[in-house]
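Heads up: the structure comes next, in structure tokens.
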Amino acid sequence: MGMQIKSATLDIFDKVKADIRLMKEEQTGIERYKLPKERSLEQYASSMEAMKTTKDGLESELHQELMSQLSVSDQLEVDKLNDDIRRLTQENKEAFSLRMRLEAEKNKLENLLTNNLMRRKDELVQALQEISVEDRKRQLENCKSELIAIEKRIDEVNKEFKNMEKKVQEATKM
29 MGMQIKSATL
39 DIFDKVKADI
49 RLMKEEQTGI
59 ERYKLPKERS
69 LEQYASSMEA
79 MKTTKDGLES
89 ELHQELMSQL
99 SVSDQLEVDK
109 LNDDIRRLTQ
119 ENKEAFSLRM
129 RLEAEKNKLE
139 NLLTNNLMRR
149 KDELVQALQE
159 ISVEDRKRQL
169 ENCKSELIAI
179 EKRIDEVNKE
189 FKNMEKKVQE
199 ATKM
């Protein structure tokens, strides 16, 4: 009875230890993915602020009538620069779209890893630990059976010993 309580207590203790370990691993994973997200957010905020400043500067330039004061070659240069700005803006939009798509894909893979593969690994580790508990229970049952058989054999040998002792005493009386 005491062995069963001790075994049950040990099993509960092992399970609680495994649960604590799994929770610590989950917390570590969450913290690991939190920092890159915060950095990305800061980068986006910084990029947005830089773009806003650029936009404000460009808008203020728009309201000035510089073109009328420029020579023909300067006007052609400004037109070329405006074309370059439009082209680069388009390339920037495309690069941003590509980056967003790739980050979404990366996040999907991170989620797969964290939510599915890591959880499955933890389930397998837990299953292995439970198998270990089952093996200990089976060994305990085997030991109990062996103990009962040995106690039975001791009783038989003691009976035989008493019979022999009786026979020896009877033989010495003769």
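In terms of the numbering used here, the sequence shown opens at residue 29 and continues consecutively. Quick reminder that beta carbons are idealized off the backbone N, C-alpha and C, glycines included.
How long is the line joining the alpha carbons of residue i and residue j, rounded to whole angstroms?
i	j	result
K190	E169	32 angstroms
S88	T82	10 angstroms
D84	K134	34 angstroms
L57	T142	Correcting the residue type first, residue 57 is Gly in the shown sequence and not Leu. So the alpha carbons of these two residues sit roughly 7 angstroms apart.
N120	N110	15 angstroms
L152	C171	28 angstroms
Y72	L130	15 angstroms
P64	S125	19 angstroms
E198	I40	59 angstroms
K194	N186	12 angstroms
M146	M76	36 angstroms
I48	D42	10 angstroms
A7	R114	The structure shown does not extend to residue 7, since the chain spans only 29 to 202, so no value can be given for it.
E184	E53	57 angstroms
D112	M128	24 angstroms
V100	D107	10 angstroms
A155	K165	15 angstroms
Leaving out five residues before and five after residue i in sequence, what residues of the same chain have Cβ atoms less than 7 angstroms from its Cβ?
i	result
V196	none
L175	none
L50	D150
Spatial neighbours of residue i within its chain, please: C-beta separation below 8 angstroms, excluding the five flanking residues on both sides.
i	result
E138	Y61
S68	E131
* Validate contact between the region 152-163 and the region 30-46 using beta carbons, cut 8 angstroms, 3 pairs -> Under the 8 angstroms Cβ criterion, the region 152-163 counts as touching the region 30-46, having at least three qualifying pairs.
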